[in-house]
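Novice: Take 0 as the starting number for the sequence shown in numbering that gives the first Met the number 0 and just add one per residue. Cβ coordinates follow ideal geometry from the N, Cα and C atoms, glycine included.
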Amino acid sequence: MRMRIDAFQPLGRALMLPIAVLPGAGLLLRLGQPDMLDITFIAAAGEAIFSNLGLIFAIGVAVGLARENNGAAGLAGAIAFLVTIEGGKALLAVPPAVTATFADQAARDLATAAWKAKELAKLSVPAGILSGLVSGWLYNRYSGIKLPDYLAFFGGRRFVPIAAGFAGLVGAAVFGIGFPVLETAIDTLSRWVVNAGPVGLFIYGTLNRLLIVTGLHHILNNIAWFFLGDFHGATGDLKRYFAGDPSAGAFMSGFFPVMMFGLPAACLAMYRSALPGRRKAVGGMLLSLALTSLLTGVTEPIEFTFMFLAPLLYAVHALLTGLSMVIMDLLDVRLGFGFSAGLFDYVLNYGLATRPLLLFPVGAVYFGIYYATFRFCILRFDLKTPGREPEIADKPASANAPEDLAAGLVHALGGTGNLRSIDACTTRLRLVLADPAKVDEARLKALGARGVVRPGGNAVQVVLGPIADRVAGEMRALGRGTRESGDDGKARWMAALGGDRNVLEIAIKAGRMRASIADIAAIDPVAMDKAARRGWHEVSPGVVHALD
Numbered sequence: 000m001r002m003r004i005d006a007f008q009p010l011g012r013a014l015m016l017p018i019a020v021l022p023g024a025g026l027l028l029r030l031g032q033p034d035m036l037d038i039t040f041i042a043a044a045g046e047a048i049f050s051n052l053g054l055i056f057a058i059g060v061a062v063g064l065a066r067e068n069n070g071a072a073g074l075a076g077a078i079a080f081l082v083t084i085e086g087g088k089a090l091l092a093v094p095p096a097v098t099a100t101f102a103d104q105a106a107r108d109l110a111t112a113a114w115k116a117k118e119l120a121k122l123s124v125p126a127g128i129l130s131g132l133v134s135g136w137l138y139n140r141y142s143g144i145k146l147p148d149y150l151a152f153f154g155g156r157r158f159v160p161i162a163a164g165f166a167g168l169v170g171a172a173v174f175g176i177g178f179p180v181l182e183t184a185i186d187t188l189s190r191w192v193v194n195a196g197p198v199g200l201f202i203y204g205t206l207n208r209l210l211i212v213t214g215l216h217h218i219l220n221n222i223a224w225f226f227l228g229d230f231h232g233a234t235g236d237l238k239r240y241f242a243g244d245p246s247a248g249a250f251m252s253g254f255f256p257v258m259m260f261g262l263p264a265a266c267l268a269m270y271r272s273a274l275p276g277r278r279k280a281v282g283g284m285l286l287s288l289a290l291t292s293l294l295t296g297v298t299e300p301i302e303f304t305f306m307f308l309a310p311l312l313y314a315v316h317a318l319l320t321g322l323s324m325v326i327m328d329l330l331d332v333r334l335g336f337g338f339s340a341g342l343f344d345y346v347l348n349y350g351l352a353t354r355p356l357l358l359f360p361v362g363a364v365y366f367g368i369y370y371a372t373f374r375f376c377i378l379r380f381d382l383k384t385p386g387r388e389p390e391i392a393d394k395p396a397s398a399n400a401p402e403d404l405a406a407g408l409v410h411a412l413g414g415t416g417n418l419r420s421i422d423a424c425t426t427r428l429r430l431v432l433a434d435p436a437k438v439d440e441a442r443l444k445a446l447g448a449r450g451v452v453r454p455g456g457n458a459v460q461v462v463l464g465p466i467a468d469r470v471a472g473e474m475r476a477l478g479r480g481t482r483e484s485g486d487d488g489k490a491r492w493m494a495a496l497g498g499d500r501n502v503l504e505i506a507i508k509a510g511r512m513r514a515s516i517a518d519i520a521a522i523d524p525v526a527m528d529k530a531a532r533r534g535w536h537e538v539s540p541g542v543v544h545a546l547d
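1. Flag this pair as yes or no: are the beta carbons of L119 and I78 separated by less than 8 angstroms?
2. Let me know if W191 comes out buried or exposed under the rule of 16 or more other beta-carbons within 10 Å of its beta-carbon.
3. For P197, which three-state DSSP category applies?
4. Output needed for M474: all residues of its chain with C-beta closer than 6 angstroms, excluding positions within five of it in sequence on either side, in chain order.
5. Determine the DSSP secondary structure at Q32, reduced to helix, strand or coil.
6. Alpha carbons only, please: which of P95, D331, N220 is nearest the one belonging to K238?
7. Indicate the three-state DSSP secondary structure (helix, strand or coil) for S397 in the structure shown.
8. Can you tell me whether Q104 is buried or exposed, with buried defined as 16 or more other CB within 10 angstroms of its CB?
9. In terms of DSSP beta bridges, what is V451 paired with?
10. D422 by DSSP, collapsed to three states: which one?
11. Tell me whether H231 sits in a helix, a strand or coil according to DSSP, three-state version.
12. Classify T100: buried if its beta carbon has 16 or more other beta carbons within 10 angstroms, exposed otherwise.
13. In the DSSP assignment, find the unbroken alpha helix (DSSP H) run with M259 in it and report its ends.
14. Mind checking whether A448 and L463 have CB atoms under 8 angstroms apart?
15. Would you be able to state if there are at least three C-beta pairs under 8 angstroms between the segment 54-62 and the segment 112-131?
16. Leaving aside the five residues before and after F260 along the sequence, list all residues of the same chain whose C-beta is less than 6 angstroms from its C-beta, in chain order.
17. Hey, how far is the Cα of G167 from the Cα of G335?
18. Please report how far the alpha carbon of P22 lies from the alpha carbon of F338, in whole angstroms.
19. Given this structure, state the Cα-to-Cα distance separating L74 from L206, to the nearest angstrom.
20. So for I161, helix, strand or coil by DSSP?
21. For W535, list the residues DSSP reports as bridge partners.
22. So for I176, helix, strand or coil by DSSP?
23. Do you know how far the Cα of D229 is from the Cα of N457?
24. Can you tell me whether DSSP reads L330 as helix, strand or coil?
25. Is DSSP giving V580 helix, strand or coil here?
26. By Cβ distance, which residues of its chain are closer than 6 angstroms to G175, with the 5 residues on each side in sequence left out?
27. Could you spell out where the alpha helix (DSSP H) holding A113 opens and where it closes?
28. Can we say the segment 490-504 touches the segment 516-533, given the rule of at least three CB pairs closer than 8 angstroms?
29. Please state whether DSSP places L358 in a helix, a strand or coil.
30. So A514 is in the beta strand (DSSP E); what residue range does that whole segment cover?
31. If I measure Cβ to Cβ from Y369 and keep anything under 6 angstroms in the same chain, skipping five residues before and after, which residues do I get?
32. Would A44 and L27 be called neighbours here (beta carbons separated by less than 8 angstroms)?
33. By DSSP, does T353 sit in helix, in strand, or in coil?
34. Under the DSSP definition of a beta bridge, which residues are partnered with V502?
35. Between W136 and the rest of its own chain, which residues show a CB-CB distance below 8 angstroms, the 5 nearest in sequence each way excluded?
36. Counting C-beta neighbours from all protein chains within 10 Å, is the total for S484 16 or more, i.e. buried, or is it exposed?
Okay, structure coming up:
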């Protein structure tokens, strides 16, 4: 049975929202430490974010999954998480050894509370992700629920946090009663990864690159960076690294040679391989992509320039990433990042690193390997990399005119009526379309898209680079404006309200619909629930009010 990859994409997208706070947290934590500015309150501010990642994931994932990223889902996520953790503490069985050395009851109570808090903190991120998933689903399913008149105040979006609280009780039972099983499972997984040594790191690095095409690499990263290992209560490679664990960083170090040296070398190879008359035209773009990878570690705009043109070349890139993970581990190099493996993170976290200077000889070798490999393959197989493709693909997207770009993208994607969902991660638009066949890929590339991905079903992704989130907002605004004034929006409401004969009067403006109805029983409640994404109700006899 073919797996519906697009069903997993909302999770990968939603995980990007809480992950976005990590660069700020890492910056504050490092600047405040003794080897930097030595300012305690700045370090404490960064530690506050790392200590509450579970709550942050609960809120961020819920908002990321909810329709229109509504904040009510975030409140529901927070409630579900708090109920899960505090309820789990009450159900957690305490080993007798924890309190055996204390004679005073007050001391035993303090020891018990401290032990429960420390143990459940190890599972705070998975608890947060699950709380966010459930809360986002509850919002999408029940934000328009109608309750009897005497309970009407608790209907609609207000119902969602209440339902999330009860869902948190189930989570409390899972994490409280099931804690020994969960702890053993994560510990077993961590030991397997550690015992796998270079093989495990190679598989991780290779899969990390291969999964980029689906957007599911974020899920793999979360397992490695936030789940695996334990250092004084800090779990995951990333959290342990910033907590001072000298063994942490194995799942981050190998990205530095690839992102700071390898992919910039690939850009140089593509520039040198461009047709002589077009090098000047593509040089600025390739330089921008190379600097983005070198400085920040954002690589997708580069990778999508050759991912589909030369799948074999991309497979080599993935294997070289896995090999880099192994090489850095064998050399006992430990590097870490709060955002990605770029120069900014390298300099900022230099004081926490182990043998960081070895990055440069390894990076120099990787620069040569990538340049030679890309140069040979481009010329040998006549790959249509930038500067070698038809002229239509040469027009870059303008980061200074997002509204014009957004309008062009909407048109190339089949119009607002074809866009069911518009979201974005770091570098790409993540879309769900009514009819993917309407997408004009040539037009998208003419607008500056570096690649178009079709993961499956009705899902389509458009790689734009760091401007993706801003452009997504402009596209959503264009879509709302069209729905408010267009015939398609009115036709949708008319059909849900029972047709022309049943609608006496209708007004649609600014995401709201108000209609006078001849027969309230003729309304199609299922169609209304779908059309009125933020809820609808009969405000007075024969008058219906709905929020799009």
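Specialist: Based on what the coordinates show:
1. Counting from 1 along the sequence shown, the entry for residue 119 is found at position 120. Counting from 1 along the sequence shown, the entry for residue 78 is found at position 79. Going by C-beta atoms, L119 is not nearer than 8 angstroms to I78.
2. For the purposes of this step, residue 191 is taken as residue 192 along the sequence shown, with counting starting at 1. Exposed is the call here.
3. Working through the sequence shown from its first residue, we reach residue 197 at position 198. In this structure, DSSP gives P197 a helical state, which the three-state scheme calls helix.
4. The residue you call residue 474 lines up with position 475 of the sequence shown. A405, V409, I421, listed in sequence order.
5. In the sequence shown, residue 32 corresponds to position 33, counting from 1. Residue state, collapsed to three classes: coil.
6. What you label residue 238 is simply residue 239 of the sequence shown in a count that begins at 1. For K238, the nearest C-alpha among the options comes from N220.
7. Counted from its first residue, the sequence shown places residue 397 at position 398. Low per-residue confidence applies at S397: pLDDT is 43, beneath 50, and the placement is therefore not dependable enough to give any value.
8. The count along the sequence shown starts at 1 and reaches residue 104 at position 105. Around the CB of Q104, fewer than 16 other CB atoms lie within 10 Å, so the residue is classed as exposed.
9. The residue you call residue 451 lines up with position 452 of the sequence shown. Its beta-bridge partners are V461.
10. Residue mapping note: residue 422 aligns to position 423 of the sequence shown, counting from 1. If DSSP states are grouped into helix, strand and coil, D422 belongs with the strands.
11. In the sequence shown, counting from the first residue as 1, residue 231 sits at position 232. Looking at H231 - three-state DSSP - the assignment turns out to be coil, as it is neither helix nor strand.
12. Mapped onto the sequence shown, residue 100 falls at position 101. Result: exposed.
13. Within the sequence shown, residue 259 is the residue found at index 260, counting from 1. Element bounds for M259: n/a, residue is neither H nor E.
14. Position 449 of the sequence shown, counted from the first residue, corresponds to residue 448. Position 464 of the sequence shown, counted from the first residue, corresponds to residue 463. Yes, these two residues count as a Cβ contact at 8 angstroms.
15. The segment 112-131, when compared against the segment 54-62, does touch it at the 8 angstroms Cβ threshold.
16. The residue given as residue 260 occupies position 261 in the sequence shown. Cβ neighbours of F260 beyond the five flanking positions: G362, Y365, F366.
17. Reading the sequence shown from its first residue, position 168 is the one you call residue 167. Reading the sequence shown from its first residue, position 336 is the one you call residue 335. Roughly 34 angstroms separates the two Cα atoms.
18. Here residue 22 refers to the residue found at position 23 of the sequence shown. Here residue 338 refers to the residue found at position 339 of the sequence shown. Going from the Cα of P22 to the Cα of F338 covers about 5 angstroms.
19. Position 75 of the sequence shown holds residue 74. Position 207 of the sequence shown holds residue 206. Cα to Cα, the separation comes out at about 34 angstroms.
20. The residue labelled residue 161 in the question sits at position 162 within the sequence shown. In the structure shown, I161 sits in a helix (DSSP, three-state: H, G or I).
21. Taking the sequence shown and counting its residues from 1, one reaches residue 535 at position 536. Under DSSP, W535 forms a beta bridge with A545.
22. Stepping through the sequence shown from its first residue, residue 176 is reached at position 177. In this structure, DSSP gives I176 a helical state, which the three-state scheme calls helix.
23. Indexing the sequence shown from 1 puts residue 457 at position 458. Indexing the sequence shown from 1 puts residue 229 at position 230. Looking at the backbone, the Cα of N457 and that of D229 are separated by about 40 angstroms.
24. Translated into positions along the sequence shown, residue 330 becomes position 331. DSSP places L330 in coil when its eight states are reduced to three.
25. The displayed coordinates of the chain run from 0 to 547. Any statement about residue 580 would go beyond what the structure contains.
26. Here residue 175 is taken as the residue at index 176 of the sequence shown, counted from 1. Excluding positions up to five away in sequence, the list reads G87, L90, L91.
27. Taking the sequence shown and counting its residues from 1, one reaches residue 113 at position 114. A113 -> alpha helix (DSSP H) spans 104-120.
28. Segments in contact, yes.
29. In the sequence shown, the residue the question calls residue 358 occupies position 359. Assigned with DSSP and collapsed to three states, L358 falls in helix.
30. Here the question's residue 514 lines up with position 515 in the sequence shown. First-last of the beta strand (DSSP E) with A514: 511-516.
31. Residue numbering aside, residue 369 sits at position 370 when the sequence shown is read from its first letter. If we look at Y369 and ignore the five residues flanking it on each side, its Cβ neighbours are G261, A264, A265.
32. The residue given as residue 44 occupies position 45 in the sequence shown. The residue given as residue 27 occupies position 28 in the sequence shown. For A44 and L27, yes; Cβs fall inside 8 angstroms.
33. Position 354 of the sequence shown, counting from 1, holds the residue named residue 353. Reduced to three states, the DSSP call for T353 is strand.
34. Taking the first residue of the sequence shown as 1, we reach residue 502 at position 503. For V502, the beta-bridge partners assigned by DSSP are I516.
35. Within the sequence shown, numbered from 1, the residue matching residue 136 stands at position 137. When the five nearest sequence neighbours on each side are left out, the beta carbons in the same chain lying within less than 8 angstroms of the beta carbon of W136 are those of L64, in order along the chain.
36. Counting from one through the sequence shown, the residue named residue 484 turns up at place 485. Here S484 scores only 43 on pLDDT, less than 50, and its place in the model is too uncertain to base an answer on.
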